[in-house]
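Chains as they are written, first to last, in this note's numbering: chain X, 1 to 10; chain G, 11 to 222.
Here is the structure we will look at.
Written out as structure tokens, the structure reads:
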């Protein structure tokens with residue numbers, strides 16, 4: 001899943 | 011959070027602050043592409059809609075709010091407060107040539123066909139090319155103020171540092187996002203020519219000017 005990147009990174 | 015992520019974010023923040031301070035101190039936005047600044051405001055706005063849907067950390071929320079706030083403050087400076095100094099005659103890049111393909115691509119190549127996900131993808135693709143109006147403007151006028159080149163350097167460095175962050179995350183967390191990686195590579199490659207000029211000229215105390 002790309003969930004972490006979508007929200008965590010800027 | 012790893013060292014590349016953090017320094018990348020700080021480099022991005024430095025770029026944004028340098029630009030704002032440059033305009034504020036000189037009371038002028040000469041040499042700055044308002045079109046690139048509009049694109050960056052669109053990038054931040056479409057990507058950080060998740061401020062309304064998910065909370066990650068105080069750091070995450072503050073940085074997103076600061077980036078968005080600074081983007082709109084820059085637009086206010088360029089198009090309102092210091093409008094008289096804006097060099098619109100040289101800011102002639104046709105942004106529809108970026109917006110249309112990038113918009114189309116974000117509908118075709120994304121992780122999930124949902125509004126927020128498509129907007130996130132759109133912002134990632136758009137960011138990778140958003141600097142082109144600025145680079146086009148510099149190539150047209152043949153020169154850039156040194157402070158503008160510092161802005162561009164930190165703005166380019168930020169995505170390069172993110173590339174190392176993604177290598178780190180792949181290696182230690184087994185995590186990767188192909189959309190971000192490919193767009194990040196494109197974005198960094200677009201700065202390579204500028205990086206070369208920055209290192210060979212600006213860092214040696216010379217002004218960045220291109221051969222006629």
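Glycine residues also receive a C-beta, built at the ideal position from the N, C-alpha and C atoms.
Computed from a predicted model, the values in this text were never measured in an experiment.
Coarse secondary structure for residue i, derived from DSSP in three states
{"i": "residue 81 of chain G", "result": "helix"}
{"i": "residue 133 of chain G", "result": "helix"}
{"i": "residue 124 of chain G", "result": "coil"}
{"i": "residue 153 of chain G", "result": "strand"}
{"i": "residue 56 of chain G", "result": "helix"}
{"i": "residue 61 of chain G", "result": "helix"}
{"i": "residue 1 of chain G", "result": "Here chain G comprises residues numbered 11 to 222, so residue 1 of chain G is not present and cannot be evaluated."}
{"i": "residue 67 of chain G", "result": "coil"}
Proximal residues to residue i (C-beta, below 7 Å), its chain only, five neighbours per side dropped
{"i": "residue 169 of chain G", "result": "194, 197 and 198"}
{"i": "residue 115 of chain G", "result": "135"}
{"i": "residue 106 of chain G", "result": "none"}
Cutoff 8 Å: residue i Cβ touching any chain X Cβ
{"i": "residue 28 of chain G", "result": "no"}
{"i": "residue 149 of chain G", "result": "no"}
{"i": "residue 77 of chain G", "result": "yes"}
{"i": "residue 64 of chain G", "result": "yes"}
{"i": "residue 170 of chain G", "result": "no"}
{"i": "residue 70 of chain G", "result": "yes"}
{"i": "residue 90 of chain G", "result": "no"}
{"i": "residue 130 of chain G", "result": "yes"}
{"i": "residue 32 of chain G", "result": "no"}
{"i": "residue 101 of chain G", "result": "no"}
C-alpha distance - residue i paired with residue j, whole-angstrom precision
{"i": "residue 69 of chain G", "j": "residue 16 of chain G", "result": "11 Å"}
{"i": "residue 209 of chain G", "j": "residue 124 of chain G", "result": "43 Å"}
{"i": "residue 178 of chain G", "j": "residue 79 of chain G", "result": "30 Å"}
{"i": "residue 103 of chain G", "j": "residue 121 of chain G", "result": "30 Å"}
{"i": "residue 66 of chain G", "j": "residue 12 of chain G", "result": "16 Å"}
Chain-order list of residues whose beta-carbon lies under 6 Å from that of residue i (same chain, five-residue window excluded)
{"i": "residue 147 of chain G", "result": "43, 100 and 101"}
Cβ neighbours of residue i in the same chain (closer than 8 Å, five flanking residues each side left out)
{"i": "residue 185 of chain G", "result": "179"}
{"i": "residue 28 of chain G", "result": "157, 160, 161 and 164"}
Any alpha helix (DSSP H) of 4 or more consecutive residues that is wholly inside the stretch 153-191 of chain G
Entirely contained in the stretch 153-191 of chain G, the alpha helix (DSSP H) runs reaching 4 residues are, in chain order, 156-183.
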